[in-house]
Ligand SMILES: Cc1cc2nc3c(=O)[nH]c(=O)nc-3n(C[C@H](O)[C@H](O)[C@H](O)COP(=O)(O)OP(=O)(O)OC[C@H]3O[C@@H](n4cnc5c(N)ncnc54)[C@H](O)[C@@H]3O)c2cc1C
Ligand SMILES: Cc1cc2nc3c(=O)[nH]c(=O)nc-3n(C[C@H](O)[C@H](O)[C@H](O)COP(=O)(O)OP(=O)(O)OC[C@H]3O[C@@H](n4cnc5c(N)ncnc54)[C@H](O)[C@@H]3O)c2cc1C
C-alpha cells in the first residue's frame, strides 16, 4: 500500500502530519500509512484521524531509543515503496529521517514549512527557511520517496472522522541499537504553550539577572500574555525552558502582539515572529536590528522603559 | 599592483571585528561617558596578542606585519576610537621605538612585557609650551654619575595615568639643537616621575591623557634609548608609525560613520520615503564612501611601504592628513543625516564626531602635516 | 589517544545578504565564515584533545576559494586539515556532501575515533550531513549533543530529545553533532592565525574521489523573506511611552 507515510513521536505531531498526509493522498489518489512507535493503543485513533494503515513499531527496551527502529522502518519502506515520507522535525525525528534518507538513497527536505504539488501534479514543491530566515528556499526531490521533516505546529492537526476504517499491522522488533541510553532526564513542562498566546513578551540577553525576568512577567500578566525568549536565554543562561525559545531552532509564534525586551533581533530569532500581527521592541541600542523589523520600537533601557510601560498600561485600563 | 589582502590579514580583520563586537561595543558608550580606562578589555586584548601585533615573536609579539596591525587598529576604532588609539600608540610608537632602537637588554626588559600587553607604553614628548613647536621644549636630562636626572613638565601624555613604560624625551644638550634631545625608557613608579589627573576631554574619552611631571627623576644610564642626541630623530620615526595608526583610527571612525549613515537613512522615513531616497542625503553618503576608500588606500599604502622597508614618512603624513580630515568632515555629515537624534547622547554618530576631532590634532596637527608634506614635495 | 575529525562548512555569512528592491536576494557583497555551530564542533574537538591527547583533523568540502576557511579552522587549534575542493562544490546538497566526506574518511583516514559535526549549518540548516555521514560509515550517531566525553572505547554524550535529555553511550568510532551550548568557541588570536598556514593540509580534488552521485534534492527557488513593518521609534519619556501604548491600542493588539 504505497502512498504517504508519516512518522511522529507524539500524537499531536502525528495529527498534524496526518492532516498534510490526507491532503496529499487526496491529490494523488493514494493512501496514508502512519508509523506508531511504542504503545499500540493509539492505532484506532490514528485511523479515525485519517490513517488508512497503521504500522506498529514494538515497544523498546529501557536502554533503547527511537533510533533503534531505523532498520525496521527502512526494510518496510523498501518493500512498500511509499511516494512521500513525512517525519515530525523533533530532535529524534530529524536524525531518524536523515538516516532513513541515507539508507533509502533519497533526498530530504528538512524543516519544511509548506508543500504543494506543482501544476502538473507531479512534483511536490517544498518550502523551507534558509540563510537564518533571510530567504525561502523551494526544493523538489528527484528520488523516491520524497522525504520531508515538518516542524511541530507548522500545520493544523486533523480532526477525527467517524466510521473510518484501516489496517493495523505489526512490524518486527528491531535489534538493539549500538547507542544505549544510560539515563533520562525528563524536563517538567512547567510552562504553558505560547504558540497560541495572544501576547508574547520575549526576553533577550538585555536582561542582566534571572530575577529581573519578573519585569517581563509583570508585563505579560498585565497584557494577559505569556513569556518567550531568545536562544541564548534558554540555551546558554538556562533562565527559561527551551520550549520557550522563539525562532529558527525554536518555535514559531503568531500572536497579536510580540514585545521583545533586550532582544537584538537577529534573523534567526525574527524568523519565528514573522507572523505576529504587531511587533514591538525595547532595546537600548538604537542600531539593533530588531528596530528594522518592528512596527513600534522604544529606544531605551528596558529597566527604565518596562516599569513605565507597566504603569501606563495600568493607568489606561 | 596587488590590491588584495592576504587571507591571514582578512581573517585577522574578521577576528578583530568579532572581538570588538563581543567585548568593545557593549562598553563603548559607558567608557566614553565615564572617561574610564577599561583594564579588563586590555587584558583580553593581550590574550589575543592584539597588543604586540607587529613585534617579532621572540620579543613577545605576534610577528605580524605592520599592515595587519593597521587593519586591526582600524577595526577596533570602528567600535571605539579611544581603544583603537591606545593600541596604536602603545604598539605603533612605544613598543616599536624600543624594537627599532633599543639594545638587547632593553628589549628583554621592556619590549617583551609591552608586546605581551603586560603593561601599556606611553610617548612623552609634548610640553605645555611645546606642541607643534617641539624645539621649544624645556625638559632636561642631566648626567649625574651613572644616572640621568630629569626635570620638567610634559603634558597630553596618552596612557599617562595608566601606563607602565614611558618613553620620555628631554634635552641632554639644548645647544646642539635638533641633535640635542634624547629619549629615555622610564618604568612606572620611578621616584620623581608623576602622572597627573586625567583630562576631561571632548572626545577620545576613555583614553587617559595627563600631565607628566619630572622632579629630579633619576634613571640609570642603561635606560637611554639609542644614542644620546638621537631623540628627535627617533621621535620622527615613531611618528611615521604612529601617524599611520592614526590614519587607521580615522578610517575606522569613517567606516562607522558610513555604516551608521546607510542604516539610518534607509530606515528614517520623512515625506513618505526613506531619506536615503533624497539626493541631498544619498550624495553625502556617496562622498563619504569615496573618501573612505581613498583614506583606506592611502593608509594601507603607507603601512605596506613600511613592510617593504621603504621610506614612508611622507605617505604616513598624507594618509593621516587625508583620513583624519575626511573623518571629521563626514562625521559632521553623519550627525546631520540623523538630525536631532544624531545630536543626542547615545547616538553613535555623536561620539564618532567628538572622537574624529582629535585625529586632526595629535601626532601632528593637520597644519603640521601640511608643513611636512609641502616640505617634502617642494624640496 | 583519539583521532578526532571535526567537519566544518565555509558558508555565506547571512548578515551580509541584502534584499534587493525587487525582493530578490542580493549576494553582491557577501563575506564567508565557518558555519556557526561548526565552530563549536571544532572547539569541542580541540577541547577533547586537550583532555585526552591525540589529534584533531579539520575537514571540509568546498570550493577552492575556501582555503581561507581552512586557515580559519586551523587557527582554532586542530593539528591538520583535510580540504576536499572543487569549483562545483558550492551547489552540493546534503546527501552529496555526506557521500564525499564518507569517501574521503574511508579511503584516507582509516583510524579515527570520533567525528564531530555542528548541529546544522548556518546557511541551509538542513541538519542532515552528520547523520547521513554516520550511515555511510556505518557508525553510531548521536545528534543534538550538549555535553560529550570519551570514556575508554566509548563516547558518552548528553543529547537533547523532545522530552528532555538523554545520557547515552556508544562504542567508538562514532559521530556526534553538537549544539552551540556545548562550549564557547574561541576568537583566534593573531599568532593562531599566523601559524595556521604552517599546519599540514591534505587537499583532495574531485578527480581523486569516487564518481559523485547526482543531487537528490533540487533547489527550484530562493527568494528573500519579506518583513515589512512600520519601524516607528519611540523614546522613554512619559509622553513617548503613552504614545507607544496608544499605538498598540490603535492596532487593537492590546485592550
Ligand atoms: C543556525 C542558528 C539558529 C539559531 N536559532 C535561534 C532561534 O531559534 N532563536 C533565537 O532567539 N536565536 C537563534 N539563534 C541565535 C541568534 O543568532 C542570536 O544570537 C540570538 O537571537 C540573540 O539573542 P539576544 O537578542 O537575546 O542577544 P543579543 O544578540 O546579545 O542581544 C541583546 C540585546 O539587548 C540589548 N540590551 C542590552 N542591555 C539592555 C538594556 N538594559 N535595555 C534594553 N536593551 C538592552 C542590546 O542592545 C542587544 O541588542 C540561532 C543562530 C544560528 C546560527
Ligand atoms: C588627547 C590628546 C592626546 C595626546 N597624546 C599625546 C602623547 O601621547 N604624547 C605627546 O607627546 N603628545 C600628545 N598629545 C599632544 C599633541 O600631539 C599636541 O596637542 C599637538 O602636537 C599640538 O600641540 P598643541 O596642542 O600645543 O597646539 P599648538 O602647537 O599650540 O597649535 C595650536 C594651533 O596652531 C597651529 N600651528 C602651530 N604652529 C603652526 C605653524 N607653524 N604654522 C601653522 N599653524 C601652526 C596648530 O596646527 C594648531 O592649529 C596629545 C594631545 C591630545 C589632545
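Residue numbers (the numbering used here), protein chains in the order written: chain A, 1 to 317; chain B, 318 to 696; chain C, 697 to 951. Glycine residues also receive a C-beta, built at the ideal position from the N, C-alpha and C atoms.
Contact list for residue i against chain B, beta-carbon separation under 8 Å
i: residue 287 of chain A; result: 577, 580 and 665
i: residue 970 of chain C; result: Coverage of chain C is limited to positions 697 through 951, which leaves residue 970 of chain C absent and any answer about it impossible.
DSSP state of residue i mapped onto helix, strand, coil
i: residue 223 of chain A; result: helix
i: residue 1 of chain A; result: Caution is warranted here: a pLDDT of 49 is assigned to residue 1 of chain A, below 50, making its placement in the model unreliable, and no coordinate value can be reported.
i: residue 465 of chain B; result: strand
i: residue 697 of chain C; result: coil
i: residue 948 of chain C; result: coil
i: residue 728 of chain C; result: strand
i: residue 929 of chain C; result: strand
i: residue 273 of chain A; result: coil
i: residue 517 of chain B; result: coil
i: residue 9 of chain A; result: coil
i: residue 447 of chain B; result: strand
i: residue 238 of chain A; result: coil
i: residue 679 of chain B; result: coil
i: residue 562 of chain B; result: helix
i: residue 113 of chain A; result: strand
i: residue 164 of chain A; result: coil
Through-space distance from residue j to residue i, alpha-carbon basis
i: residue 742 of chain C; j: residue 117 of chain A; result: 46 Å
i: residue 274 of chain A; j: residue 289 of chain A; result: 14 Å
i: residue 601 of chain B; j: residue 645 of chain B; result: 14 Å
i: residue 867 of chain C; j: residue 112 of chain A; result: 33 Å
i: residue 873 of chain C; j: residue 338 of chain B; result: 27 Å
i: residue 39 of chain A; j: residue 181 of chain A; result: 19 Å
i: residue 479 of chain B; j: residue 347 of chain B; result: 18 Å
i: residue 26 of chain A; j: residue 588 of chain B; result: 52 Å
i: residue 909 of chain C; j: residue 20 of chain A; result: 31 Å
i: residue 925 of chain C; j: residue 715 of chain C; result: 15 Å
i: residue 467 of chain B; j: residue 335 of chain B; result: 44 Å
i: residue 312 of chain A; j: residue 240 of chain A; result: 27 Å
i: residue 659 of chain B; j: residue 216 of chain A; result: 30 Å
i: residue 1 of chain A; j: residue 80 of chain A; result: Confidence at residue 1 of chain A is low in this model, with a pLDDT of 49, below 50, so its placement is unreliable and the value that follows should be read with caution. Rounded to whole angstroms, residue 1 of chain A to residue 80 of chain A spans 6 Å at the Cα level.
i: residue 931 of chain C; j: residue 772 of chain C; result: 43 Å
i: residue 1035 of chain C; j: residue 821 of chain C; result: It is not possible to answer for residue 1035 of chain C, since the shown part of chain C is limited to 697 through 951.
i: residue 288 of chain B; j: residue 344 of chain B; result: What the structure shows of chain B is the stretch from 318 to 696, and residue 288 of chain B is not part of that stretch, so it cannot be assessed.
i: residue 486 of chain B; j: residue 452 of chain B; result: 11 Å
i: residue 518 of chain B; j: residue 350 of chain B; result: 11 Å
i: residue 927 of chain C; j: residue 921 of chain C; result: 17 Å
i: residue 508 of chain B; j: residue 427 of chain B; result: 18 Å
i: residue 122 of chain A; j: residue 803 of chain C; result: 39 Å
i: residue 679 of chain B; j: residue 580 of chain B; result: 31 Å
i: residue 148 of chain A; j: residue 918 of chain C; result: 18 Å
i: residue 889 of chain C; j: residue 372 of chain B; result: 15 Å
8 Å Cβ cut-off: residues of chain C touching residue i
i: residue 603 of chain B; result: Within chain C, no residue comes near residue 603 of chain B; the closest Cβ sits about 16 Å away, beyond 8 Å.
i: residue 298 of chain A; result: 929, 930, 931, 932, 936, 937 and 940
i: residue 413 of chain B; result: What residue 413 of chain B touches in chain C: nothing, since even the nearest Cβ is about 16 Å away.
Check: residue i C-beta below 7 Å from any heavy atom of ligand 3
i: residue 450 of chain B; result: In the structure shown, ligand 3 is absent; the only ligands present are ligand 1 and ligand 2.
Proximal chain A residues relative to residue i, where beta-carbon distance stays under 7 Å
i: residue 840 of chain C; result: 91
i: residue 632 of chain B; result: Within chain A, no residue comes near residue 632 of chain B; the closest Cβ sits about 34 Å away, beyond 7 Å.
Chain C residues whose Cβ lies nearer than 7 Å to that of residue i
i: residue 329 of chain B; result: 886 and 889
i: residue 95 of chain A; result: 827, 837 and 839
Interface residues of chain A facing residue i [CB-CB closer than 8 Å]
i: residue 325 of chain B; result: Within chain A, no residue comes near residue 325 of chain B; the closest Cβ sits about 27 Å away, beyond 8 Å.
7 Å Cβ cut-off: residues of chain B touching residue i
i: residue 763 of chain C; result: 324
task = Using a Cβ-Cβ cut-off of less than 9 Å, give me the residues of the region 259-292 of chain A that come near chain D, in sequence order.
result = Checking the listed chains, one finds no chain D in this structure; the protein chains it contains are A, B and C.
ask   = Within the structure, which residues are defined as neighbours of ligand 1 by a Cβ-heavy atom distance below 5 Å, reported in chain order?
value = Going by the Cβ distance cut-off, the answer is A:204, A:205, A:206, A:230, A:231, A:232, A:247, A:248, A:249, A:250, A:262, A:263, A:264, A:266, A:268, A:269, A:283, A:284, A:285, A:288, A:301, A:302, C:732 and C:818.
query = Just by C-beta distance, which residues in the region 721-739 of chain C are closer than 8 Å to chain A?
reply = 721
Interface residues of the region 132-145 of chain A facing chain C [CB-CB below 8 Å] = 132, 133, 134, 135, 136, 137, 138, 139, 140, 141, 142 and 143
key: Near-chain C residues of the region 373-406 of chain B (beta-carbon distance less than 8 Å), N- to C-terminal order   = 374, 379, 380, 381, 385 and 389
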